[in-house]
Each structure stands twice: as C-alpha cells, then as structure tokens.
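For the sequence shown, our numbering gives the first residue as 67, with consecutive numbering after it.
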Amino acid sequence: MDARLDFFANPITGKALRHVMSAGKVVKDSALPATTQELVSLRVSQINGCAVCVDMHTKEAAAAGESSVRLHLVAAWREATVFSEAERAALELAEAGTRVADGAGGVADAVWENAARHYDEEQLGALLMLISFMNLANRLNVMTRQPAGAYEVGQFH
C-alpha cells in the first residue's frame, strides 16, 4: 500500500507539519506524564482508525516500559482495572474531545471537571493540545492512507 501523499516532500504539508511537530515537542516536554501522553495518543488513534499512529504509539509506549496488558486494554479502558484514576480521566477527555460530533454540546462539564481534579492547568493545557494534535495527525494519515507497520521507535522525536 502506498500513501497518497508524501507529507514532507510536499512544500505546503511539509512546512506546516514541521511547525506542528515543533509545537508537539512543547507538549512532549510538558509536565503531563509521558505514559499518559502515549495512552491518550493511542486511544485517539484507535477511535479514528489511524493505523500508522496506533503502530507508532504502541511501539513508543512499549519502548518506554509500558506493559502489553495495559496497551491491549486501552481500547476497553472503562472496564479495565489497570489504569489509574488520573489516566482514566485523561482517556475519558480524549474520547469526548475526539468524538465531539457524537455528543450534543461537545465535552460535558463532568468530563472536564474530572480531568481538572487530576491535572493542573499546565497539564490540562498539554492534554488539550495533545488530543487536538492527535486528531489532526490521524485525519491527515487516514485521508492519505499512510501505511502502518514500519515505524521505528524515536523516528519522529
């Protein structure tokens, strides 16, 4: 399977994505726990059906020491007992922020308040940007049919 577009060879997408990746580094270097970042990235990518991002974030999380049990259970996090309350709040916000068209009124106050109980303002800002960046990346990858399976840990960092 070949991608419809090479992002970095294209003058517009290449230039824009370099800026997005630079902004993404701000989130990566934030106080939001790295484990939470990978779990959220993986869940958003699962929802959006972005195989290349599922590949990337599964491999990054595993390389960082995440267990295979937790990685396999991200898709069913509500019923899984292996996630902390803070991680569950982040995953709930990630789902609500990704599925905004599915619910009238966008992200419910209760979902936001739950996340705010576990994360300070800086971490909430990082979480919000991460969810938004992942949705952007997922949509670009899905629209252009980027192939999955060849990602190597650290390739984009």
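Glycine included, C-beta positions come from ideal geometry on N, C-alpha and C.
Check                                                                                                    : Outcome
Closest Cα partner of Ala214 within the set Ala170, Asp95, Leu137 and Val120                             : Val120
Buried/exposed call for Glu104, threshold 16 Cβ in 10 Å                                                  : buried
Host alpha helix (DSSP H) of Cys119 (start-end)                                                          : Ala117 to Ala129
Anticipated Cβ contact below 8 angstroms, Ala155 with Arg183, distance rounded                           : 7 angstroms
Inter-residue spacing [alpha-carbon to alpha-carbon] between Leu71 and Thr210                            : 6 angstroms
Nearest-angstrom beta carbon gap, Tyr185 and Ala162 [assumed within contact, 8 angstroms]                : Ala162 to Tyr185, Cβ: 15 angstroms. No contact.
Short Cβ contact (7 angstroms threshold) for Asn114 with Asn180                                          : no
7 angstroms Cβ cutoff met for Leu194 and Val177                                                          : no
Within 7 angstroms, strictly: CB atoms of Val219 and Lys94                                               : no
Classification of Ala67 by the beta-carbon crowding that lies within 10 angstroms, buried from 16 upward : In the sequence as presented, Ala is not what sits at residue 67; that position holds Met. Exposed, since its Cβ has fewer than 16 Cβ neighbours within 10 Å.
Reduced DSSP category for Asp175 - H, G, I as helix; E, B as strand; rest coil                           : helix
N- and C-terminal bounds of the alpha helix (DSSP H) containing Ala170                                   : Taken as a continuous stretch (DSSP letters only), Ala170 belongs to no alpha helix (DSSP H), as it is neither H nor E.
8 angstroms contact criterion, which Gly157 and Val148 should meet: CB distance rounded                  : According to the sequence as given, residue 157 is Leu; it is not Gly. Incorrect: roughly 12 angstroms between the Cβ atoms, too far for contact.
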